[in-house]
Structures are given as C-alpha cells and as structure tokens.
Amino acid sequence: MKKDIFRLTIPSKPDYISVVRLTSSCIASKLGLSIDEIEDIKVSLSEACINALTRTDEINIKYEISEDRLAITVDNVVLSENDERESNLGILIMKSLMDEVNFTEKGVEMIKYLKDGNR
Amino acid sequence: MALNIMIKFDEINNHWSVEPEGEIDIYTSPELKEKLSKALDDKMADIVIDGEKLDYIDSTGLGTLIGILKIIKENKNKIYIRNIKPNIRKLFDITELDKVFVIEE
Chain B
281 MKKDIFRLTI PSKPDYISVV RLTSSCIASK LGLSIDEIED IKVSLSEACI NALTRTDEIN
341 IKYEISEDRL AITVDNVVLS ENDERESNLG ILIMKSLMDE VNFTEKGVEM IKYLKDGNR
Chain S
61 MALNIMIKFD EINNHWSVEP EGEIDIYTSP ELKEKLSKAL DDKMADIVID GEKLDYIDST
121 GLGTLIGILK IIKENKNKIY IRNIKPNIRK LFDITELDKV FVIEE
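Heads up: the sequence lines are chains B and S, in that order. Taking the numbering used here, I'd label the letters of the first sequence as residues 281 to 399. Taking the numbering used here, I'd label the letters of the second sequence as residues 61 to 165.
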C-alpha cells in the first residue's frame, strides 16, 4: 500500500512551533478530520516539538498518510528522565489526545486513525 | 499568531482581571509570566482569567499558571478561570488541573 509522505524540518526555536501547528492543521483538514481531531493533532505535535526543542538544532517531523491513519513522527522526543512537571504534562497530553503514541529510539510516533468516509 | 494580554486591577471585586487574547505557548508564556509576576509584586490578590479570546494553550502555558498559583497560594489567593473554550477545557481535564484552578463556566 502506497503512503503519502510530508516532511517538515524547522529550526529549534520556540517561535517556529506555531508554524508546525498551522502546517498540521492544513494536512489534517485535507484528510477530512474533524475540528476536534485537528485540534488534538495540533496540541500533541506542539508538545512533541517542545520536548525535542532543547535536544537538537533542527526538529524533524514526518507525516505519513495511509488508508486508515495519519502517523506523525518527531525525532529527539524522549520520556523525561526526571520529574520535570511540564515535560510530564506534555507527554500526558500527547497520550490522551492521540489514538496511539509509541516511543522509539529515534523519537516518538503518534497516530490518529482515519474513520471510514473521512477522505 | 501571538498573544495580547490585558491585565487590570478590578477595584470593586479586589482581584486582577486578566484577558489573554491568542495563544499561550512556549513562545509567549515567558511574557505572561513576567506580566503576572509584576502585577502580583504590585498587589497580591486573586487572579481571574477570562478565556473568551484564548485560542490555544500548551504545557508551558499550563506550567506558567501552576508557577503563579504556587506564589499566590502562600497568601491563600486563588486563580479563577472563566469562559474557556472546549478545546482548552479538555487540556485542564486531562491534566487534572481542573482540580487545581477554580474553573467557572
């Protein structure tokens, strides 16, 4: 099955995370997701970027669209080693709003399933 | 998109009235923190946030509010949050911060 892929790389600066939100809104609305789902994706992806911000010069984001899902990966996102409250809040938000959140060696993969008739 | 913050002291009800407009995110949170801290230095009181024009908040924004609450709690003051949009309310519920702040419909 062929996947459609978008890649976005942004400088690790707080003011550019809003660009990621706008881009994500465009892609998610193109897929016919609801306003609530688009909002979930925007918030979760921003949290992933905030997490990656201090660990890298560039934040790499990949949107992978297949028949039944939108999978977004962000490199350099890690589960916090310490008890930093804000970082934990971010991960809690991601896990609550996305259908699936998987941490890998490279970063994080977040999935939103596309319901039938969405596209 | 950015953030505009209106902060004024409500003499009648004796609280800081805060109207954020736009997005409280990792970029704009430091400004909110600075303005609220300055207000509290001026006068320690309850803070009432009207969220009618607030479109977005992230974990750094929530963290900023937690930080401010820690300061005013010492004086038994509270943070009230009113008129927030459902997408923002959802974040307060998920993080259980709806039990930490006083959220009014």
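Even for Gly, the Cβ is constructed at its ideal location relative to N, Cα and C.
Where residue i falls, given that 16 or more other Cβ within 10 Å makes a residue buried
| i | result |
| --- | --- |
| residue 370 (chain B) | buried |
| residue 92 (chain S) | buried |
| residue 377 (chain B) | buried |
| residue 291 (chain B) | exposed |
| residue 312 (chain B) | exposed |
| residue 398 (chain B) | Low confidence applies here, because residue 398 (chain B) scores a pLDDT of 48, under 50, leaving its location unreliable; read the following figure in that light. Label assigned to residue 398 (chain B): exposed. |
| residue 298 (chain B) | buried |
| residue 315 (chain B) | exposed |
| residue 51 (chain S) | Residue coverage of chain S in this structure runs from 61 to 165, which leaves residue 51 (chain S) outside it and unanswerable. |
| residue 322 (chain B) | buried |
| residue 150 (chain S) | buried |
| residue 69 (chain S) | exposed |
| residue 108 (chain S) | buried |
| residue 295 (chain B) | exposed |
| residue 162 (chain S) | exposed |
| residue 390 (chain B) | buried |
Strand pairing of residue i, partner residues [DSSP]
| i | result |
| --- | --- |
| residue 353 (chain B) | B:342, B:389 |
| residue 82 (chain S) | S:63, S:114 |
| residue 77 (chain S) | S:68, S:108 |
| residue 284 (chain B) | B:345 |
| residue 291 (chain B) | B:338 |
| residue 149 (chain S) | Its beta-bridge partners do not exist; DSSP assigns none. |
| residue 141 (chain S) | S:109, S:163 |
| residue 381 (chain B) | B:390 |
Partner residues on chain S for residue i, Cβ-Cβ distance less than 7 Å
| i | result |
| --- | --- |
| residue 327 (chain B) | 118, 119 |
| residue 376 (chain B) | 154 |
| residue 330 (chain B) | 86, 118, 119, 120 |
| residue 294 (chain B) | 86, 87 |
| residue 319 (chain B) | 147 |
Contact set between residue i and chain B, taken where Cβ atoms lie within less than 8 Å
| i | result |
| --- | --- |
| residue 134 (chain S) | Under the 8 Å cutoff, chain B gives no residues; its nearest Cβ is about 18 Å from residue 134 (chain S). |
| residue 151 (chain S) | 323, 373 |
| residue 17 (chain S) | In the structure as shown, chain S starts at 61 and stops at 165, and residue 17 (chain S) therefore has no counterpart that could be examined. |
Supposed close pair residue i, residue j - CB separation, criterion 8 Å
| i | j | result |
| --- | --- | --- |
| residue 387 (chain B) | residue 332 (chain B) | 7 Å |
| residue 392 (chain B) | residue 317 (chain B) | 6 Å |
| residue 350 (chain B) | residue 394 (chain B) | 6 Å |
| residue 104 (chain S) | residue 72 (chain S) | About 18 Å; that fails the 8 Å criterion. |
| residue 147 (chain S) | residue 106 (chain S) | About 25 Å separates the two Cβ atoms, so there is no contact after all. |
| residue 121 (chain S) | residue 85 (chain S) | 6 Å |
Partners in chain B for residue i, counting only beta-carbon separations shorter than 9 Å
| i | result |
| --- | --- |
| residue 112 (chain S) | Result: empty, since nearest Cβ-Cβ is about 17 Å, beyond 9 Å. |
Query raised in the report: Can we say the region 150 to 162 of chain S touches the region 117 to 137 of chain S, given the rule of at least three CB pairs closer than 8 Å?
Result: Enough Cβ pairs lie closer than 8 Å, so yes.
Query - Touching by the beta-carbon criterion (3+ pairs, under 8 Å), the region 296 to 306 of chain B and the region 325 to 335 of chain B - result: Short answer: they touch.
Query - Three or more C-beta pairs below 8 Å linking the region 377 to 386 of chain B and the region 330 to 337 of chain B - result: Judged by Cβ distances under 8 Å, the region 377 to 386 of chain B makes no contact with the region 330 to 337 of chain B, as fewer than three pairs qualify.
Query raised in the report: Does the region 141 to 151 of chain S come close enough to the region 344 to 364 of chain B that 3 or more CB-CB pairs lie under 8 Å?
Result: No, because fewer than three Cβ pairs between the region 344 to 364 of chain B and the region 141 to 151 of chain S fall closer than 8 Å, the two stretches do not touch.
Query raised in the report: Are the region 109 to 118 of chain S and the region 81 to 95 of chain S touching by the rule of at least three beta carbon pairs closer than 8 Å?
Result: At 8 Å Cβ cutoff, the stretches touch.
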